[in-house]
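Right, one structure below, let's go through it.
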């Protein structure tokens with residue numbers, strides 16, 4: 001039951017993000033400045049800034065995770081090598 | 001042709017097409033050139049991301065439980081662990 005809900009949430013989130021972002025970037029430039037539709041969207045600079053910030057954040061998290069795992073495994077290997085040498 | 005070669009050639013094709021549009025080689029109306037063309041890669045990235053999320057969510061949503069396969073898989077895992085442990089591999093603890 002819960003996993004169904006999670007799946008449905010992902011579906012709705014993906015569709016919403018796609019629709020909102022597509023309208024924001026591809027449709028809004030052709031809408032007059034004084035149309036009330038503009039109140040639903042932040043200034044278009046943010047349409048670029050938000051993906052860039054997310055990309056940087058994501059690569060930071062992934063990079064840190066990979067480095068922590070590598071450092072930990074190297075430490076374990078060094079410990080094992082030292083233990084073998086001292087035997 | 002491997003899949004990697006296929007992917008790289010399609011990526012190169014799309015990149016060169018986009019570069020032509022971006023550098024003004026292809027004539028567009030000034031509004032499109034200044035407001036739509038620079039935004040296209042980000043839009044493509046967001047579309048790709050939401051497509052992946054959609055596919056994932058759909059898979060999770062329509063996946064039905066398979067209790068026999070689960071039992072079988074658990075039995076296979078314990079067999080493999082016993083076997084590897086006998087051969088001296090560090091299989092960790094559950």
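Chains as they are written, first to last, in my numbering: chain H, 1 to 87; chain V, 1 to 94.
Cβ atoms here follow ideal geometry from the backbone N, Cα and C, with glycine treated the same way.
Just so you know, the alpha carbons of residue 33/H and residue 7/V end up roughly 41 Å apart. With a 10 Å radius around the Cβ and a threshold of 16 neighbouring Cβ atoms, residue 25/H comes out buried.
Under the three-state reduction of DSSP, residue 70/H is assigned to helix.
A residue is called buried once 16 or more other Cβ atoms fall within 10 Å of its Cβ, and residue 57/V is buried on that count. The C-beta of residue 68/H has fewer than 16 other C-beta atoms within 10 Å across all chains shown, which makes the residue exposed.
The continuous alpha helix (DSSP H) containing residue 41/V extends over residues 40-62. By the Cβ-count criterion, residue 10/H is buried, with 16 or more other Cβ atoms from all chains shown falling within 10 Å of its own Cβ. Within chain V, the C-beta atoms nearer than 9 Å to that of residue 48/H come from 38, 39, 42, in chain order.
Here residue 11/V is exposed, its C-beta having fewer than 16 other C-beta atoms within 10 Å.
Residues of chain H with a Cβ closer than 7 Å to the Cβ of residue 35/V are, in chain order, 29. DSSP places residue 43/H in the coil class of the three-state scheme, outside both helix and strand.
Among the CB atoms of chain V, one or more fall inside 9 Å of the CB of residue 15/H.
Within a 10 Å sphere around the beta-carbon of residue 51/H sit 16 or more other beta-carbons, which makes this residue buried. For residue 6/H, the C-beta contacts it makes with chain V under 9 Å involve 57, 60, 61, in order along the chain. Neighbours of residue 54/V across chain H, judged by C-beta separation under 7 Å: 11, 14, 15. Counting along the chain, the unbroken alpha helix (DSSP H) around residue 2/H starts and ends at 2-22.
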